[in-house]
Amino acid sequence: MAYISKDLRNQLDEDAGGLCGYCQTNQQNSGFRLQVEHLIPTAKGGLTVRENLWLACSSCNLRKSDREMVLDPESGVLVEFFNPRLQQWKDHFEWDDSGTVVVGLTEVGRATVKALEMNDTLLVEARKLWVRFGGHPPS
28 MAYISKDLRN QLDEDAGGLC GYCQTNQQNS GFRLQVEHLI PTAKGGLTVR
78 ENLWLACSSC NLRKSDREMV LDPESGVLVE FFNPRLQQWK DHFEWDDSGT
128 VVVGLTEVGR ATVKALEMND TLLVEARKLW VRFGGHPPS
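Heads up, the sequence shown is in this note's numbering, so the first residue is 28 and it goes up one at a time.
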């Protein structure tokens, strides 16, 4: 893993606002520090610079791994992962009525939800608690 300076980490914390760039898990709700995610993986030539970094929960970060492309389950089209640095979350995703399930609105959104298993049973159960106590979904 590349070295991340304290200043760069602080910039990333500010950029991400305490939320996983993919599933929107709040760092404070989870109790775990968000991980630095290379949007273009270092294995594919991605640099350790602010423009190529975002924060992700450990689940999303591990599931994304060094992949850049993913298959949309509905259209069968191969698309790039959602990029939280360049794209707006609300353009590709929304919360279901309960505020616990991420719904993909576009090929990119659907593919990212499926590939990162953003609605894993344990995460949905945790979100139910967060909703109950007013800490979810993020605005």
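We treat Cβ as the ideally placed atom computed from N, Cα and C, and that holds for glycine.
Element boundaries [alpha helix (DSSP H), containing residue i]
i       : result
Leu-39  : 33–43
Glu-64  : That residue, Glu-64, is in no alpha helix (DSSP H); its beta strand (DSSP E) goes 62–65.
Val-135 : 134–142
Glu-121 : Element bounds for Glu-121: not the alpha helix (DSSP H) but the beta strand (DSSP E), 120–122.
Whole-number beta carbon distance between residue j and residue i, since they are thought to touch under 8 Å
i       : j      : result
Pro-164 : Gln-51 : 7 Å
Glu-134 : Arg-90 : Not confirmed; about 18 Å, so no contact.
Residue environment, residue i, which counts as buried when at least 16 other CB atoms sit within 10 Å
i       : result
Thr-127 : buried
Phe-120 : buried
Gly-48  : buried
Glu-64  : buried
Val-106 : buried
Nearest candidate by alpha-carbon position, reference residue i, set the options
i       : options                          : result
Leu-156 : Thr-133, Ser-125, Glu-144        : Ser-125
Gly-73  : Gly-103, Asn-56, Thr-148, Ala-29 : Ala-29
Arg-112 : Lys-33, Leu-46, Asp-34, Ser-32   : Leu-46
Where the beta strand (DSSP E) containing residue i begins and where it ends
i       : result
Gly-131 : 129–131
Val-97  : 96–98
Ala-83  : 80–83
Glu-107 : 105–107
If you pair each beta-carbon of the segment 33–53 with each one of the segment 73–83, do three or more pairs fall below 8 Å? A contact exists between the segment 33–53 and the segment 73–83.
Three or more C-beta pairs under 8 Å: does that hold for the segment 92–102 against the segment 133–145? Contact holds between the segment 92–102 and the segment 133–145, because three or more Cβ pairs, one in each stretch, are under 8 Å apart.
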